[in-house]
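See structure below.
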Amino acid sequence: MKRTLVKKIALSLALAAAAGSTLTACGSSSSAGEKTLTVFAASSLKGTFTSLAATFEASHPGVKVVFDFDGSAALVTQIKAGAPADVFASAATKNMTALGATAVSPKDFATNVLEIAAPSGNPAHVTDLSDLARSGLKLVVCDPAVPCGAAAATLATKNHLTLSPVSKEQSVAGVLSKVETGQADAGLVYVTDVKSAGSKVVGIAIPKADNVTSTYPIAVLSSAAQTTLAQQWVAFVLSSEGQKVLHDAGFGAA
Amino acid sequence: MMQGSALPEPRRSGLPRWLWLPAAVGAAFIAVPVGAMVEQVDWRHFGSLISTESSRDALRLSLETSAMSTLLCVVIGTPMALVLARTRFPGQRVVRAVVLLPLVLPPVVGGLALLEAFGRRGLLGHTMDVLGIDIAFSTTAVVIAQTFVALPFLVISLEGALRTFGTRYDDVAATLGAAPTTVMRRVTLPLVGPAMTAGIVLCFARALGEFGATITFAGSLQGRTATIPVQIYLSFIDDSPQATALGVVLIGVAVVVIAVAGRRITGGTP
Chain S
289 MKRTLVKKIA LSLALAAAAG STLTACGSSS SAGEKTLTVF AASSLKGTFT
339 SLAATFEASH PGVKVVFDFD GSAALVTQIK AGAPADVFAS AATKNMTALG
389 ATAVSPKDFA TNVLEIAAPS GNPAHVTDLS DLARSGLKLV VCDPAVPCGA
439 AAATLATKNH LTLSPVSKEQ SVAGVLSKVE TGQADAGLVY VTDVKSAGSK
489 VVGIAIPKAD NVTSTYPIAV LSSAAQTTLA QQWVAFVLSS EGQKVLHDAG
539 FGAA
Chain V
76 MMQGSALPEP RRSGLPRWLW LPAAVGAAFI AVPVGAMVEQ VDWRHFGSLI
126 STESSRDALR LSLETSAMST LLCVVIGTPM ALVLARTRFP GQRVVRAVVL
176 LPLVLPPVVG GLALLEAFGR RGLLGHTMDV LGIDIAFSTT AVVIAQTFVA
226 LPFLVISLEG ALRTFGTRYD DVAATLGAAP TTVMRRVTLP LVGPAMTAGI
276 VLCFARALGE FGATITFAGS LQGRTATIPV QIYLSFIDDS PQATALGVVL
326 IGVAVVVIAV AGRRITGGTP
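Chains S and V supply the protein sequences, listed in that same order. Each residue of the first sequence is one higher than the last, beginning at 289 in our numbering. Each residue of the second sequence is one higher than the last, beginning at 76 in our numbering.
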């Protein structure tokens with residue numbers, strides 16, 4: 289009796305192991321006709337890229353576009369560590385350059401500028417850039433390690449402002465959520481973030497002369513599993529159709 | 076081997092030998108990643124990596140806030156465990172389930188919940204504003220986040236021990252004329268001392284590693300809210316060798332804490 293029990297357990301362990309390997313097999317090579325394009329993109333591209341993916345999938349039957357939206361710096365670290373990405377779209381040239389030859393001939397596809405975001409109702413009455421240096425104001429920016437933080441630092445230097453943020457977030461999405469929830473009185477985000485947040489935040493525009501422009505590059509990765517599809521995606525983003533979606537979301541032309 | 080006819084005297088039952096294999100796989104599953112990370116550390120620059128201003132600030136902040144939140148867990152968790160273990164009241168099961176929720180809740184969700192309660196626009200935000208308390212982005216917010224996630228560890232260890240010991244000693248003490256507070260102080264709590272130590276260690280370790288709730292609720296600023304886990308993540312996204320170096324420091328602290336009092340965690344002989 290006991291022996292059969294042991295056998296049963298051994299058998300179920302073996303079966304579990306076999307099932308496990310079948311599952312991984314399923315995950316790595318999807319059935320014929322089904323292709324997955326993996327795009328790593330800066331978190332500020334979430335809205336536009338998600339809507340572009342719907343159009344792309346419609347014109348490429350059997351293709352599924354999956355995203356990882358995060359701070360550009362985190363994505364670079366992941367790609368360097370061997371994350372299975374086909375395309376990388378960065379919020380700054382610096383992070384694309386950090387990939388070296390892994391990023392195959394990057395192309396600039398959009399620009400973005402900073403804007404002040406305040407919670408709905410603007411409780412701290414922020415009206416211009418100089419207000420950000422006001423003492424007691426709870427200002428949230430991105431950490432200098434990520435593009436939006438680097439841009440914020442440049443903005444402060446350019447306008448001779450000493451900013452004392454209460455938090456330096458790991459991505460622009462982090463800044464936006466702190467503002468949306470009213471935890472922060474103001475945050476420095478991209479103009480496109482203010483637009484996509486809708487009524488949850490109030491945008492306070494920064495005059496063009498004082499502002500900082502970030503350039504967004506996109507590239508197919510040398511490690512891409514779906515090189516052709518990846519090239520088609522990049523071409524689509526650069527096409528007039530792709531550019532229109534980006535423009536409508538508030539991005540500038542590169 | 077085990078079937079055989081009835082033996083004249085009882086045999087000591089050993090563990091089935093095949094058990095060693097999955098057990099070893101399990102041990103390797105934890106040891107290999109930790110070892111791989113330790114191997115990645117830039118040991119030549121280890122000293123300078125962990126002594127930068129941001130590292131020192133993060134380490135100091137982490138130890139201070141974890142100690143503070145562990146203390147809070149003891150102060151509010153002990154009464155909770157006593158009430159849950161020694162009394163019966165309607166809805167007790169529901170209360171216990173809610174109290175233990177942070178154990179299984181994703182920390183980020185915990186952070187969101189704290190935001191809805193203590194945030195500036197949260198449930199209690201207005202009241203706290205009137206009282207002049209502003210915890211947004213403060214070290215207090217870090218302690219609150221850590222206490223929230225660590226508290227169940229103290230309650231669960233203590234309540235389990237209280238139930239195991241039962242009320243026999245308490246009853247005897249009461250019969251001898253001791254007042255309830257005296258019984259608790261002189262009999263009940265000393266009995267569960269080892270479980271208390273285990274709970275404290277688990278609380279401290281959980282608070283030390285807290286990341287998700289902190290980043291959601293308290294933000295990230297050097298010296299004020301950027302604890303070691305936050306600093307490690309920041310170093311990681313910046314592709315800095317500081318990430319693994321600080322990771323090793325955190326492992327070191329955790330190992331020391333567990334080694335000092337860890338024998339008691341498993342409930343073995345103290």
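Glycine is no exception: its CB is placed at the ideal position from the N, C-alpha and C atoms.
N-terminal and C-terminal residue of the beta strand (DSSP E) that residue i is part of
i: Asn410 (chain S); result: No beta strand (DSSP E) contains Asn410 (chain S), which DSSP labels as neither H nor E.
i: Val217 (chain V); result: From DSSP, Val217 (chain V) is part of no beta strand (DSSP E) but of the alpha helix (DSSP H) over Thr214 to Phe240.
i: Ser455 (chain S); result: Ser455 to Glu457
i: Leu427 (chain S); result: Leu427 to Cys430
i: Val403 (chain V); result: Nothing about residue 403 (chain V) can be read from this structure; chain V reaches only from 76 to 345.
i: Ala377 (chain S); result: Val375 to Ala377
Inter-residue CB distance, residue i and residue j (contact presumed, cutoff 8 Å)
i: Gly241 (chain V); j: Ala270 (chain V); result: Not confirmed; about 14 Å, so no contact.
i: Phe121 (chain V); j: Pro177 (chain V); result: Contact doesn't hold; Cβ gap of about 34 Å is too wide.
i: Ala537 (chain S); j: Asp473 (chain S); result: Their Cβ separation, rounded to whole angstroms, is 26 Å, which puts Ala537 (chain S) and Asp473 (chain S) out of contact at 8 Å.
i: Leu387 (chain S); j: Val364 (chain S); result: 6 Å
i: Ala293 (chain V); j: Val217 (chain V); result: 5 Å
i: Ala318 (chain V); j: Ile307 (chain V); result: 5 Å
i: Phe193 (chain V); j: Ile219 (chain V); result: 6 Å
i: Val477 (chain S); j: Val463 (chain S); result: 5 Å
Boundaries (first-last residue) of the alpha helix (DSSP H) holding residue i
i: Ala142 (chain V); result: Glu128 to Arg161
i: Lys609 (chain S); result: Here chain S covers residues 289 to 542 and nothing more, so residue 609 (chain S) does not appear.
i: Ala474 (chain S); result: That residue, Ala474 (chain S), is in no alpha helix (DSSP H); its beta strand (DSSP E) goes Ala474 to Tyr478.
i: His535 (chain S); result: Ser528 to Asp536
i: Ala512 (chain S); result: Per DSSP, Ala512 (chain S) belongs to no alpha helix (DSSP H) and is neither H nor E.
i: Leu449 (chain S); result: Note, Leu449 (chain S): premise wrong, no alpha helix (DSSP H); not H, not E.
i: Gly424 (chain S); result: Note, Gly424 (chain S): premise wrong, no alpha helix (DSSP H); not H, not E.
i: Pro372 (chain S); result: Note, Pro372 (chain S): premise wrong, no alpha helix (DSSP H); not H, not E.
i: Glu285 (chain V); result: Premise fails: Glu285 (chain V) is in no alpha helix (DSSP H) and is neither H nor E.
i: Val305 (chain V); result: Ile303 to Ile312
i: Gln115 (chain V); result: Trp95 to Gln115
i: Pro316 (chain V); result: Taken as a continuous stretch (DSSP letters only), Pro316 (chain V) belongs to no alpha helix (DSSP H), as it is neither H nor E.
Classification of residue i by the beta-carbon crowding that lies within 10 angstroms, buried from 16 upward
i: Phe328 (chain S); result: buried
i: Asp245 (chain V); result: buried
i: Val522 (chain S); result: buried
i: Arg119 (chain V); result: exposed
i: Ala313 (chain S); result: Residue confidence is low: Ala313 (chain S) scores 41 on pLDDT, short of 50, so the model does not pin down where it sits. No coordinate-derived value is stated.
i: Arg131 (chain V); result: exposed
i: Arg195 (chain V); result: buried
i: Glu529 (chain S); result: exposed
i: Ala502 (chain S); result: In the sequence under discussion, the amino acid at residue 502 (chain S) is Ser, which differs from the Ala named in the question. Answer is buried; the Cβ neighbour count reaches 16.
i: Val230 (chain V); result: buried
i: Phe539 (chain S); result: buried
i: Leu237 (chain V); result: buried
i: Leu124 (chain V); result: buried
i: Thr257 (chain V); result: exposed
i: Phe344 (chain S); result: buried
i: Leu509 (chain S); result: buried
i: Pro495 (chain S); result: exposed
i: Arg346 (chain V); result: As shown, chain V starts at 76 and ends at 345. That puts residue 346 (chain V) outside it, with no answer to give.
i: Met76 (chain V); result: With a pLDDT of only 45 at Met76 (chain V), under the threshold of 50, the placement of this residue in the model should not be trusted; the figure read from the coordinates follows. Its Cβ having fewer than 16 others within 10 Å, Met76 (chain V) is exposed.
i: Pro349 (chain S); result: exposed
i: Trp95 (chain V); result: exposed
Beta-bridge partners of residue i, as assigned by DSSP
i: Val401 (chain S); result: S:Thr501
i: Gly491 (chain S); result: S:Ala405
i: Leu325 (chain S); result: S:Val353
i: Ala330 (chain S); result: S:Asp358
i: Leu198 (chain V); result: Its beta-bridge partners do not exist; DSSP assigns none.
i: Asp396 (chain S); result: S:Pro505
i: Gly252 (chain V); result: Beta-bridge pairing links Gly252 (chain V) to no other residue.
i: Gly540 (chain S); result: S:Thr399
i: Ala242 (chain S); result: Nothing about residue 242 (chain S) can be reported from this structure: the residues present for chain S run from 289 to 542 only.
Any non-hydrogen atom of the ligand NAP closer than 7 Å to residue i Cβ
i: Val324 (chain V); result: The ligand NAP is absent from the structure shown, which contains no ligands of any kind.
For the region 302-314 of chain V, enumerate the residues whose C-beta is nearer than 9 Å to any C-beta of chain S, in chain order. Val305, Tyr308, Leu309, Ser310, Phe311, Ile312, Asp313 and Asp314
Given a limit of 8 Å on CB to CB distance, which residues of the region 202-215 of chain V reach chain S? Ala211 and Phe212
Quick one, which residues of the region 364-384 of chain S are near chain V if we go by CB-CB under 8 Å, in chain order? Val364, Thr365 and Lys368
Quick one, which residues of the region 418-445 of chain S are near chain V if we go by CB-CB under 8 Å, in chain order? Lys426, Val428, Asp431, Ala433 and Val434
Taking a cut of 7 Å between CB atoms, which residues from the region 176-195 of chain V lie near chain S? Leu190, Gly194 and Arg195
For the region 463-480 of chain S, enumerate the residues whose C-beta is nearer than 7 Å to any C-beta of chain V, in chain order. Lys466, Thr469, Gly470 and Gln471
Cβ-based contacts, 7 Å cut-off: residues of the region 278-297 of chain V near chain S: Gly294, Ser295 and Leu296
Note down, in chain order, all residues in the region 339-362 of chain S with a beta-carbon under 7 Å from any beta-carbon belonging to chain V. Gly359, Ala361 and Ala362
With 8 Å as the C-beta to C-beta threshold (strictly closer), list the residues of the region 506-536 of chain S near chain V in chain order. none
Against chain V: residues of the region 393-415 of chain S by CB proximity under 7 Å: none
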